[in-house]
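Notes to accompany the following structure.
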Amino acid sequence: MTLLTTPRLLLLMSLAVTVTHIFPVVATPVTGITLATFMDFSYGVFGWCYTRRLPSHLKFCTKRRIGYRKLNTHVYGDILYLPSESKYSISRLMVVHIIAFINSVVLSGMTAAVAFTRYGDSPAFVLATALVSLPLFIFSLFCFLVDILLFATHLDWPGWLMLVDTIVMAFGCSLLWSWRRTVSIRAYEALETGQRFQLRSFDGETGTTSVDGEVQHIHHRTAPDKSNLAAPERSFTPDYR
Amino acid sequence: MDGNPWRSSDSLANIQYPSCKLGYYGPGLLVGKSLPAPVIFADDVYFQSYCHDNKPAYMAGTLYDVPATYLDPVVKDWNRYLDISGASSGTFQNSIYPIIISFTTNFIITFTMTVLAFINMRDKPYKSASRFLKLGSLIASINLAITLSNLICMLKDEYDHFGIAGKHCVMEFFEYDTTFITLDFISTFLLQCCQTFILMRTFERKQEKHVIFGVGISLSLISNLLWVVPKYHDIVHGFSQQNENDNWELLPPFVYMFKIVIAASYASLIINYTISKRRFCFRTLQLAFITHLALFVVLLLPGFFIADLANYWIYELSELFNTTCYVSCTYVVWEWLERLDIEQKREQAQSILGRAIYEDEQQNYMFAKYALKVQDALTRKESSAESATQFGMDDDGKSLMSKYEEVDDMGDTRKQVLATTTRTVQLESTTTSKSDNDAIIDSDSLGHDIHTVNQVKFNTQRGYKDVAHEAFDSTVNNVVYFTDKVMLKTFGSSSFGGSSKSSSTNSKNDKEQVKKRIGLDRTNKVYVYSTKDIEFDSDIDEEDEDEDDGSPPEV
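For the record, the sequence lines run as chains U and S. Residues 1 to 241 in UniProt numbering are what the first sequence lists, from first letter to last. Residues 1 to 555 in UniProt numbering are what the second sequence lists, from first letter to last.
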């Protein structure tokens, strides 16, 4: 049994994406991680901070809320500079970071269920997982676009990770959708094989039956016996004229 | 542009130029036709340079034979006007010329695409998609034609009234003209729907088609409605930028990025498809060229967004290019898919079913069994006919050539029955005999192995040994085929060309010819999907003969 099956790879990918989506959410007013830095300002999803080193060390941050605002203090930092001359209201779009984070958590849970529980054999559940992965791709891309719109090239590594996430999700989505096909085919094969096995055992044939009946996996080779197939009937041949 | 969805208003827009105000220049000599005398000496000269919208205007023409130049303050202001950066700069790229050039280019590209769409596109298998594309591109080119004529009229009026032709009226036109916005909305929506249909084409399973349809149509509807509503709001209530905390202001940039995201998703799906079909995409030079063009065109919209971050100027042009981008990344991709389809069909036609069959449309291996039965029946019939004339060479040597052609096409003698997905489950009908003595005897006596075992085999990774063996076989076959072709062409035609034909070989030849015309000369290549009634004159004769003989009719 291989250790890294497709569902586990998917689980790994979605977990990685979840972890990378944590960094922007906990950025600057919450912890020391910064989404972007420009001059003396550092930015995060919930606000921005101003750090002055000279003449004396001074640091203050805004309250934790979505969307940037100017402060009404009479220090140098009361004017907020955005590297891209964007309007401050655009910063409210950074709420997509939180949506993307929640989405990635949901996807991780679902891929874990696919990898380790019997839900992995259900085509409907895998389809639902695949459908959840689509908005995560869209939101990851959206996060990157909003970040780059606000901070241009002054993004720090959590911002650039959004681009990596988008690419990883593009790969993950296609993997998940192809996995859905595999599960669907597998379910079909299992159903068909079960039926065939019953029919064959009623026929009382030996030899070929044991070969046919064992087919549980799509990669196995099946050999339908020739009595069913070899003799052509007139009704089956199409009219070519 | 006034309605830039995310940038704050330009702080340099309100810069003051001294030459636009009345200035005192002291005493001097005045020369001109409109003066009471041609030359006058004035004690106190006050001068105000001509400005439009508080920005200096400079004559674009060159003065010959006049030694006079502009006054120093005017030249200084003009240079300052050129030096400032941003949208309010007076440089060439912010002037009317690039806009006119890009707009007319857009119009020509869109118009050409529309004409091509009407000439080239077949309505048949994808009726709604082709109609959406035709309608969308038609509306887009009508829209651009109306806009172009309106713009030229506006520029003429502005020039007549103010003596200058600026770009601001053009930009305002794109923001506030109801006709332009409405037609643009309709055409963009139709083209995005068509993009959804294109994506549906690239997915072959029914369930995936349904998902794509639902997601695609709803996304394009939402994005276009959200785009058009703020525009109409601006037209009705006027553009406002004073309220920074207004949530309404958030909508245009959101929708702009939403559209970029949709375009990027479309691009990534097309790229994904290209990667999965890379075997076909670069088969011929023309196809490779169209593949590159399609990839370029699909990446154009997301590319414009990235370029816009680097350069403000491009953003304005990307607005102009939007319609063309949508038309081209729909039409070019469509055309590319059509050509790709032909290549794929050519390969699938070599299988019995003619296309891939997926698990959601078959039950109990119906298709596979059906295909095997057809194959069996045909092999038997053909071989019984062939056994008589197997080595009896035709006069023109065609039967031998067709035999080798068959070998050449398939790479080896095993024929594929394409029944299920190419990726995971591919059924192969191998006509290899069971290596029993019976089979060998049968094949020797009848010229055909009746006890053929039709194996339903799933396509698994083959070993290197098999691959190498197959490659060697096909090389040998190719060499044999070409040698034969050359031999027959050079020597065969001269030796067999003048031989007389008997009446019995004549009728046999006719039969072979008809078979070849319908495509039944190849043993294992059955075109199930094309059951057209083709009546040839020779067919009727043949039927008469068959009835006389009492033999079963040929298929």
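A virtual CB, placed ideally from N, CA and C, is assigned to each residue, including glycine. Note that the structure is predicted; figures quoted are calculated from it, not measured.
Identify the contact partners of residue i in chain U, using a Cβ-Cβ distance below 9 Å as the criterion.
{"i": "P230 of chain S", "result": "Within 9 Å Cβ-Cβ: nothing; P230 of chain S doesn't reach chain U, min ~13 Å."}
Just to make sure I have the definition right: I need the residues of chain S whose C-beta is within less than 7 Å of the C-beta of residue i. Which are they?
{"i": "F142 of chain U", "result": "M257, V261"}
{"i": "S174 of chain U", "result": "N272"}
Answer with yes or no whether the minimum CB distance from residue i to chain U is below 8 Å.
{"i": "E249 of chain S", "result": "yes"}
{"i": "S265 of chain S", "result": "yes"}
{"i": "F304 of chain S", "result": "no"}
{"i": "I100 of chain S", "result": "no"}
Contact criterion: CB-CB distance below 8 Å. Does residue i meet it with respect to chain S?
{"i": "S14 of chain U", "result": "no"}
{"i": "L54 of chain U", "result": "no"}
{"i": "L145 of chain U", "result": "yes"}
{"i": "I138 of chain U", "result": "yes"}
Which bits of chain S does residue i rub up against, with CB to CB less than 8 Å?
{"i": "A134 of chain U", "result": "According to the sequence provided, residue 134 of chain U is Leu. The question's Ala does not apply to it. Near L134 of chain U (Cβ distances below 8 Å), the residues of chain S are V215."}
Applying the 10 Å Cβ sphere with the 16-neighbour rule, what's the burial state of residue i?
{"i": "F258 of chain S", "result": "buried"}
{"i": "S34 of chain S", "result": "exposed"}
{"i": "F116 of chain U", "result": "exposed"}
{"i": "K369 of chain S", "result": "buried"}
{"i": "D376 of chain S", "result": "buried"}
{"i": "Y188 of chain U", "result": "buried"}
{"i": "T424 of chain S", "result": "Residue confidence is low: T424 of chain S scores 37 on pLDDT, short of 50, so the model does not pin down where it sits. No coordinate-derived value is stated."}
{"i": "Q350 of chain S", "result": "buried"}
{"i": "S42 of chain U", "result": "buried"}
{"i": "T34 of chain U", "result": "buried"}
{"i": "F280 of chain S", "result": "buried"}
{"i": "N94 of chain S", "result": "buried"}
{"i": "W72 of chain S", "result": "Per the sequence shown, the amino acid found at residue 72 of chain S is Asp instead of Trp. Exposed: under 16 other Cβ atoms inside 10 Å."}
{"i": "I15 of chain S", "result": "exposed"}
Report the residue from the options whose alpha carbon sits nearest the alpha carbon of residue i.
{"i": "D156 of chain U", "options": "U:V114, U:C61, U:F23", "result": "U:F23"}
{"i": "L29 of chain S", "options": "S:L35, S:P36, S:I40", "result": "S:I40"}
{"i": "T196 of chain S", "options": "S:T188, S:K206, S:I212", "result": "S:I212"}
{"i": "A140 of chain S", "options": "S:I342, S:T110, S:V332", "result": "S:T110"}
{"i": "I152 of chain S", "options": "S:F132, S:I101, S:C193, S:L116", "result": "S:I101"}
{"i": "S268 of chain S", "options": "S:G303, S:E470, S:R283", "result": "S:G303"}
{"i": "N224 of chain S", "options": "S:Q207, S:I198, S:I262, S:E204", "result": "S:I262"}
{"i": "V132 of chain U", "options": "U:D121, U:I98, U:G109, U:L58", "result": "U:G109"}
{"i": "G120 of chain U", "options": "U:L3, U:T2, U:R8", "result": "U:R8"}
{"i": "I99 of chain S", "options": "S:F174, S:G32, S:Y70", "result": "S:F174"}
{"i": "F38 of chain U", "options": "U:L93, U:L134, U:F142, U:P83", "result": "U:P83"}
{"i": "K59 of chain U", "options": "U:S86, U:K87, U:T28, U:R65", "result": "U:T28"}
{"i": "L337 of chain S", "options": "S:Q348, S:L320, S:A294", "result": "S:A294"}
{"i": "L219 of chain S", "options": "S:Q192, S:S49, S:Y232", "result": "S:Q192"}
{"i": "I167 of chain U", "options": "U:T51, U:I102, U:F142", "result": "U:F142"}
{"i": "A60 of chain S", "options": "S:Y159, S:F107, S:T114", "result": "S:Y159"}
{"i": "V126 of chain U", "options": "U:L4, U:T62, U:L11, U:T2", "result": "U:L11"}
{"i": "A16 of chain U", "options": "U:M169, U:A130, U:L176, U:W179", "result": "U:M169"}
{"i": "W78 of chain S", "options": "S:N54, S:V66, S:Y481, S:D65", "result": "S:N54"}
{"i": "H97 of chain U", "options": "U:S86, U:L175, U:G67, U:T6", "result": "U:G67"}
{"i": "A113 of chain U", "options": "U:A100, U:A128, U:I102", "result": "U:A128"}
{"i": "H168 of chain S", "options": "S:K345, S:Y97, S:T104, S:L299", "result": "S:Y97"}
Check the Cβ of residue i against every Cβ in chain U and list those closer than 7 Å, keeping chain order.
{"i": "V268 of chain S", "result": "In the sequence under discussion, the amino acid at residue 268 of chain S is Ser, which differs from the Val named in the question. A170, listed in chain order."}
Is residue i near the ligand MG - that is, is its Cβ less than 7 Å away from at least one heavy atom of it?
{"i": "A112 of chain U", "result": "Looking at this structure, you won't find the ligand MG or any other ligand, since it has none at all."}
Closer than 8 Å by beta-carbon distance: list the chain U residues that pair up with residue i, in chain order.
{"i": "F254 of chain S", "result": "L93"}
Problem - Members of the stretch 85 to 103 of chain U near chain S, C-beta cut-off 7 Å - result: E85, S86, K87, Y88, S89, I90, R92, L93
Exercise for the section: Identify each residue in the stretch 32 to 55 of chain U for which the Cβ-Cβ distance to at least one residue of chain S is less than 9 Å, and report them in chain order. Expected result: none
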